[in-house]
Amino acid sequence: MSNDKEWKRKLLRDMVVIRTFEETADKLTLRGKVAGGMHNSSGQEAVAVGTMSALDPKDVIATTHRSHHHTLAKGMDPKLVMAELFAKATGCSKGRGASMHLADVDNGNFGGNGIVGAGVGIAMGAAMGIKQLGHKKVSVGFVGDGGMNTGRTWEAINMAVVNKLPFICLVDNNQYAVETFIDRVTGGRDIAKRGAGFGLPSFTIDGQDVLKVNRYVKEARDRALAGEGPTLINALTYRYYGHNVGEKGQYRTQEEIADWRDNRDPIDRFSAQLISEGLLSQDEYVALHAEVTAQINAAVEFAEQSPYPDLSTIYEDVDSGLLGAKS
Amino acid sequence: MSTQTETTRNTLPSYSEAFQQGVREEMYRNESIFILGTDLIERGGHFAQVRGIAQEFGLERVKDSPISEAAMVASGIGAGMYGCHPIIDLNFIDFSLGAMDEIINQAAKIRFMFGKPVPLVIRATSGVALGGAHHCNSLEVLFAHTPGLSVAVPSRAYDVKGLIKTALRAPDPVIFLMHKKLSGVRGEVGDENVLIPFGSAHTVQSGKDAAIITYGYTVVTAQKAAAKLAESGVSIEIIDLRTLYPLDEDAINETVKKFGRVVVADEAPLYGSITGDIASTATEENFKYLKGPIVRVGGIRAPISAHPQSAEAAIPTVESMINAVKKVLAY
Numbered sequence: 014m015s016n017d018k019e020w021k022r023k024l025l026r027d028m029v030v031i032r033t034f035e036e037t038a039d040k041l042t043l044r045g046k047v048a049g050g051m052h053n054s055s056g057q058e059a060v061a062v063g064t065m066s067a068l069d070p071k072d073v074i075a076t077t078h079r080s081h082h083h084t085l086a087k088g089m090d091p092k093l094v095m096a097e098l099f100a101k102a103t104g105c106s107k108g109r110g111a112s113m114h115l116a117d118v119d120n121g122n123f124g125g126n127g128i129v130g131a132g133v134g135i136a137m138g139a140a141m142g143i144k145q146l147g148h149k150k151v152s153v154g155f156v157g158d159g160g161m162n163t164g165r166t167w168e169a170i171n172m173a174v175v176n177k178l179p180f181i182c183l184v185d186n187n188q189y190a191v192e193t194f195i196d197r198v199t200g201g202r203d204i205a206k207r208g209a210g211f212g213l214p215s216f217t218i219d220g221q222d223v224l225k226v227n228r229y230v231k232e233a234r235d236r237a238l239a240g241e242g243p244t245l246i247n248a249l250t251y252r253y254y255g256h257n258v259g260e261k262g263q264y265r266t267q268e269e270i271a272d273w274r275d276n277r278d279p280i281d282r283f284s285a286q287l288i289s290e291g292l293l294s295q296d297e298y299v300a301l302h303a304e305v306t307a308q309i310n311a312a313v314e315f316a317e318q319s320p321y322p323d324l325s326t327i328y329e330d331v332d333s334g335l336l337g338a339k340s
Numbered sequence: 463m464s465t466q467t468e469t470t471r472n473t474l475p476s477y478s479e480a481f482q483q484g485v486r487e488e489m490y491r492n493e494s495i496f497i498l499g500t501d502l503i504e505r506g507g508h509f510a511q512v513r514g515i516a517q518e519f520g521l522e523r524v525k526d527s528p529i530s531e532a533a534m535v536a537s538g539i540g541a542g543m544y545g546c547h548p549i550i551d552l553n554f555i556d557f558s559l560g561a562m563d564e565i566i567n568q569a570a571k572i573r574f575m576f577g578k579p580v581p582l583v584i585r586a587t588s589g590v591a592l593g594g595a596h597h598c599n600s601l602e603v604l605f606a607h608t609p610g611l612s613v614a615v616p617s618r619a620y621d622v623k624g625l626i627k628t629a630l631r632a633p634d635p636v637i638f639l640m641h642k643k644l645s646g647v648r649g650e651v652g653d654e655n656v657l658i659p660f661g662s663a664h665t666v667q668s669g670k671d672a673a674i675i676t677y678g679y680t681v682v683t684a685q686k687a688a689a690k691l692a693e694s695g696v697s698i699e700i701i702d703l704r705t706l707y708p709l710d711e712d713a714i715n716e717t718v719k720k721f722g723r724v725v726v727a728d729e730a731p732l733y734g735s736i737t738g739d740i741a742s743t744a745t746e747e748n749f750k751y752l753k754g755p756i757v758r759v760g761g762i763r764a765p766i767s768a769h770p771q772s773a774e775a776a777i778p779t780v781e782s783m784i785n786a787v788k789k790v791l792a793y
């Protein structure tokens, strides 16, 4: 059916937007254009797009230091993301956040975060707010494998369980906490088992399969809206680049990286599937790439042309000023 | 004191009950306010600060929490960003250290980075009393130092009520510190329309010869010292700051100009205390009015002992306060 065709083509397009954005931003970072560097999410597109495609646009997310893919998949215009990476006044956080602090609170993106695990807590809190106000929404807290070893993550999960919050803990598990392989630092090694111990449905899934991620998140969302509380989804994925741009560590082999890129790439897999199902032609796929490349180039142009924040604004918006107002 | 006066005093609300009153009134006004903390429902909080509120407003508005300070504050941040006005009750401010990232990196900075408010009250008791080193920290300077946070340190029932009402009407993260030793002290409170703005000091008593600028329980110590000094004809003015951020700089400057002889006191360890900032700023701005250096009184640089007399000896006493005043009077 054509709705399904359009929907799947959109998923593919969203993933290509992320990949193209990241490859472009990575090069710009090496040229010194990106304030403070960035964390490249290439390879992890299906986790972001699979999740966001299962959510309502008004649902809430809060994310991590590696959040470009979540933010773009949530629907932010790449121009606002790129301008923010450049620390320009036109960026989504007015140039105050750059790569790690992308946010659009009004549209349910409660922000990236420089602190590992913090986004889980904020998303859980948003879920408490949703329940408190009787709204029919869910909140998703993204966290990496590294963040599953900080205590606050489990405090937040427990809080969500005991209050039956409409919350999903989405582990964007790229298997390396900076350069440390997860199995070396994770007691019991099985994150889903840990989740089960906290009393919430917990699943480990293939995070390179966009439709699988979509299905698990959709089911988790349905449970949350039915009042059944939170779910943990541990989506196994892989980042193709170093923790930071430009890093080439010795902590993993080139064979391992090549295996994930060549055999499990989420975009290659999904585009091949759509082509084989007759939902996309090779020519259309080439055209899609060209269209997305033009879109990302326009985002770069927008960022380049945008002004930096006026230095007179650095005092603004620290607090409301209302506490001291004399009534 | 007549019997009738004593009866009236006993029916006045306590410092803790003033908190209850202010919170109740605002909860009726704003349905998005809820309270999350430990032992709030049956126990009413460890200092009876929310007694009866769960029974009055229901368990949706007063929630008992696991002992998970990071998750408690994160709940307040996320729910606050989403549209609620949460009160997170951390019981003792010493326990905030398990949530310090949530307070300092998250709650304080979200408005600046994302342009969106975080309406949130973090309430806790503070200051030196019984209980030893893990229940007697004076951490107010950490919060006042952090851009994005505001800090209330009321010393009497009237201010507790007026300040919590203000805190619950502003979209900002507020650290609301109530001194343990004041919990049961009764006093007048304002009616439901009395809101006290942050950054407005209160003149506890007027004087002619010198001034003590302070806050929290040290106001009581200052009053005792002033009463003793009054016996020998010395007249002391006492300024209660009521909030440490925003700070009533006008009141501080006026006091320095008026007397030129000023003591600044609190019970936090003197090294790095906010009294140092107050004294140095006041000196820079009013040097020509000073008869001599502003003298600071504070706690010693040691953890607080569980031995009651040792704990008392670690913080300003009536005697040390009198000595400080005598020093500025001698200029």
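In the order they appear, the protein sequences are chains A and B. Following the working numbering, the numbering of the first sequence begins with 14 at its first residue and continues without gaps. Following the working numbering, the numbering of the second sequence begins with 463 at its first residue and continues without gaps. Virtual Cβ for every residue (Gly too), placed ideally from N, Cα, C. Quantities reported herein were computed from a predicted structural model and do not represent experimental measurements.
- Counting other Cβ atoms within 10 Å of its Cβ, A/Trp20 stays below 16 and is therefore classed as exposed.
- A/Asn171 and A/Ser66 have their C-alpha atoms roughly 26 angstroms apart.
- By the CB criterion at 8 angstroms, B/Asp551 and B/Gly507 fall inside the cutoff.
- In chain order, Asn126, Gly127, Ile128 and Ala131 make up the part of chain A whose C-beta sits under 9 angstroms from the C-beta of B/Asn567.
- Membership of B/Phe721 in the alpha helix (DSSP H) is indicated by the continuous run Glu711 to Phe721.
- Within the region 576-591 of chain B, Phe576, Gly577, Lys578 and Pro579 place their CB atoms closer than 8 angstroms to a CB of chain A, listed in sequence order.
- Taking the beta carbon of A/Lys107 as reference, the chain B residues within 8 angstroms of it are Gly577, listed in sequence order.
- In this chain, A/Arg277 is not harboured by any beta strand (DSSP E); it is covered by the alpha helix (DSSP H) spanning Gln267 to Arg277.
- Beyond the five residues adjoining it in sequence on each side, B/Pro579 comes within less than 6 angstroms, by CB distance, of Arg573 and Pro633 in the same chain, given in chain order.
- Contact of B/Gly514 with chain A is not assigned, every C-beta pair being separated by 8 angstroms or more.
- For a cut-off of 8 angstroms, the C-beta gap from A/Lys144 to A/Leu178 is around 6 angstroms, short enough to register as a contact.
- By the Cβ rule, the region 31-50 of chain A does not count as touching the region 191-204 of chain A, because fewer than three pairs are nearer than 8 angstroms.
- Contacts between A/Ala169 and chain B, judged by CB atoms closer than 7 angstroms, involve Ala533 and Ala536 in chain order.
- Here A/Asn276 has no same chain residue with a Cβ atom under 8 angstroms from its own Cβ, once five neighbours each way along the sequence are excluded.
- Note on geometry: alpha-carbon atoms of A/Met141 and A/Gly212 lie some 18 angstroms from one another.
- From the listed residues A/His78, A/Asp203 and A/Trp273, the smallest Cα separation to A/Gly50 is found for A/His78.
- The C-alpha of B/Ser527 is placed about 35 angstroms away from the C-alpha of B/Gln771.
- If you look at A/Asp185, you'll find it in the beta strand (DSSP E) that goes Phe180 to Asn186.
- An exposed status is given to B/Ser668, since fewer than 16 other beta-carbon atoms sit within 10 Å of its beta-carbon.
- When CB distances to chain A are screened at a threshold of 9 angstroms, the residues of the region 628-640 of chain B falling below it are Thr628, Ala629, Arg631, Ala632, Pro633, Asp634, Pro635 and Val636, in chain order.
- Around A/Lys231, the same chain offers Ala67 as residues with beta carbons nearer than 8 angstroms, after the five sequence neighbours per side are excluded.
- DSSP places B/Val757 inside the beta strand (DSSP E), whose first and last residues are Val757 to Gly761.
- Residue-level contact check: B/Glu564 touches chain A, since one or more beta carbons of chain A fall below 8 angstroms from its beta carbon.
- Close partners of A/Ile143 in chain B (Cβ separation under 7 angstroms): Tyr544.
- When 8 angstroms is used as the limit between beta carbons, B/Ile539 is near these residues of chain A: Gly134, Ile135 and Gly138, in chain order.
- In the three-state scheme derived from DSSP, where H, G and I count as helix and E and B as strand, B/Met640 is classed as strand.
- As a beta-bridge residue in DSSP terms, B/His664 pairs with B/Asp702.
- Following the DSSP letters along the chain, one finds A/Gly138 inside the alpha helix (DSSP H) bounded by residues Ala131 to Gln145.
- Among the residues facing chain A, B/Ser494 is included, as its CB has a counterpart in that chain under 8 angstroms away.
- With a cut-off of 8 angstroms on Cβ pairs, the region 762-779 of chain B is not in contact with the region 629-647 of chain B, counting fewer than three such pairs.
- A/Met65 is outside the set of residues whose beta carbon lies under 8 angstroms from a beta carbon in chain B.
- Of all alpha-carbon atoms in A/Thr326, A/Val153 and A/Val47, the one lying nearest the alpha-carbon of A/Val94 is that of A/Val47.
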